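Worksheet for the structure shown next.
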Amino acid sequence: MNSNKKLTIAGWILSGLLALMLIGASASGKLTSWEGKSEMFAKMGWSEDVMFWIGIVEVTVTVLFLIPRTSFIGAILLAAYLGGATATHVRMEEPFFIPIIVGIVVWVALGLRHPAVFRLAFAPPSVSNTADPVERSEA
1 MNSNKKLTIA
11 GWILSGLLAL
21 MLIGASASGK
31 LTSWEGKSEM
41 FAKMGWSEDV
51 MFWIGIVEVT
61 VTVLFLIPRT
71 SFIGAILLAA
81 YLGGATATHV
91 RMEEPFFIPI
101 IVGIVVWVAL
111 GLRHPAVFRL
121 AFAPPSVSNT
131 ADPVERSEA
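Count the sequence shown with this note's numbering and you get residues 1 to 139, in order.
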């Protein structure tokens, strides 16, 4: 098995683990009833109704991330979602590094599945005829 195939498999395994965590651990708590749910969400500044819809969004963007054709937009939307989670943790004066780490892992998993993501993200800037229009107008 060549190294590209191994990296792709690793990306899919990582993506599956992320989906299990996001849907199984995080979204399920927003979508199901449990004792103390109202109090915890109130402490966060959110109602149970709002948290239900946030759970729906979390499941939706995670599924988009898993579908190869929509994985890039899914990763962008997951990054935005996790930015909101980070902001909530900051506002509550709680440790906020977990959603940031999850966001990084999302992009690593996508890059392993689709190496073009890494090439795009880490490629040096190229010089071309389509330079910044502001620079061209000043010349």
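Note that beta-carbon positions come from the ideal geometry of N, C-alpha and C, so glycine has one too.
These numbers come from a predicted model, not from an experiment.
N2 versus P115 - alpha carbon distance
14 Å
So is the beta-carbon of F65 under 6 Å away from any non-hydrogen atom of the ligand ZN? This structure simply doesn't include the ligand ZN, nor any ligand for that matter.
Q. Hey, V78 and V61: beta-carbon distance below 7 Å or not?
A. The sequence given here has Leu at residue 78, not Val. Contact: yes.
_Quick check: the Cα distance between G84 and I23, rounded to an integer number of angstroms?_
17 Å
Exercise. Do you know how far the Cα of I54 is from the Cα of G36?
Worked result: 18 Å
Margin query: Going by C-alpha to C-alpha distance, which of M51, M44, G29 sits closest to A87?
Written below: M44
Given T89, which residues of its chain have a CB within under 6 Å of its CB, disregarding the five upstream and five downstream residues? According to the sequence displayed, residue 89 carries His and not Thr. Excluding residues within five positions, the ones whose Cβ falls inside 6 Å are F96.
Next item on the list: Run the CB neighbour count on A80, radius 10 Å, all protein chains shown included, and call it buried at 16 or more, exposed below.
Entry: exposed
C-alpha gap between N4 and M92, whole angstroms = 42 Å
*asked:* Since F65 and V106 should fall inside the 8 Å C-beta cutoff, what is the C-beta to C-beta distance between them, to a whole number of angstroms?
replied: 7 Å
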